[in-house]
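Visitor: The sequence shown begins at 1 in the UniProt record's numbering and counts up one residue at a time. Here it is: the structure, laid out below.
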Amino acid sequence: MCPTGRTLTSTALTSSSSSSDLRPAFDVLDADRDGKISKDDLRAFYAGFSSSGADESLIRAMMSAADSNSDGFVEYDEFERVLACQKPSAAGGVMEDVFKVMDRDGDGKLSHEDLKSYMNLAGFPATDDDIAAMIRLGGGDETQGVDYAGLLKILAVDQVS
């Protein structure tokens, strides 16, 4: 069952995303690389982009929505299940939040600097050529960057319709 109460069939999950489709997004949020997302991971993610960090009630809400076995962590299968339940237009979706955090200047595009800054902060070494290749992969160009749909292409995340 999805956090919204909608039922997700196993057919819908497997047809909407393979187990590797969401792995890059999961890895971005798993700050300590222990294979699960904790409240501390989410705090670290948001702290890198905001002087005030994330609101604790927001972090609790995210964990509550995704942590279906109530162990205090979001494992990959729980993460995948939550994202598979989201509609692409659902306001406040996890991937949209990731995009907003990465878009430091709030212009609706991830520039070369936005991506470079995030990659360095997240501990993923990336050269300027790597960043340029990511932008091209996302359908953007060096001067304009990539939009939200471009980020999904970069991460190879297929949103469920």
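All residues carry an ideal CB built from backbone N, CA and C; glycine is no exception.
How is the alpha helix (DSSP H) around Val28 delimited, first residue to last?
Guide: Note, Val28: alpha helix (DSSP H), 23-29.
Visitor: Here's the rule I'm using: 16 or more other beta-carbon atoms within 10 Å means buried, otherwise exposed. How should Asp55 be labelled?
Guide: It is exposed - the Cβ of Asp55 has fewer than 16 other Cβ atoms within 10 Å.
Visitor: Report yes if the C-beta distance between Glu78 and Asp67 is below 8 angstroms; otherwise report no.
Guide: Contact: yes.
Visitor: In angstroms with no decimal places, state the Cα-to-Cα distance between Ala31 and Ser117.
Guide: C-alpha separation (whole angstroms): 15 angstroms.
Visitor: Relative to the alpha-carbon of Asp27, which residue among Arg43, Asp103, Tyr76, Leu152 has its alpha-carbon at the smallest distance?
Guide: Asp27 has its Cα closest to that of Tyr76, out of Arg43, Asp103, Tyr76, Leu152.
Visitor: May I ask you to list the residues that DSSP assigns as paired with Gly145?
Guide: In DSSP, Gly145 forms a bridge with Asp141.
Visitor: Can you tell which of Val94, Phe99, Leu121, Val146 has its C-alpha closest to the C-alpha of Ala47?
Guide: If we check each option's Cα against that of Ala47, Leu121 comes out closest.
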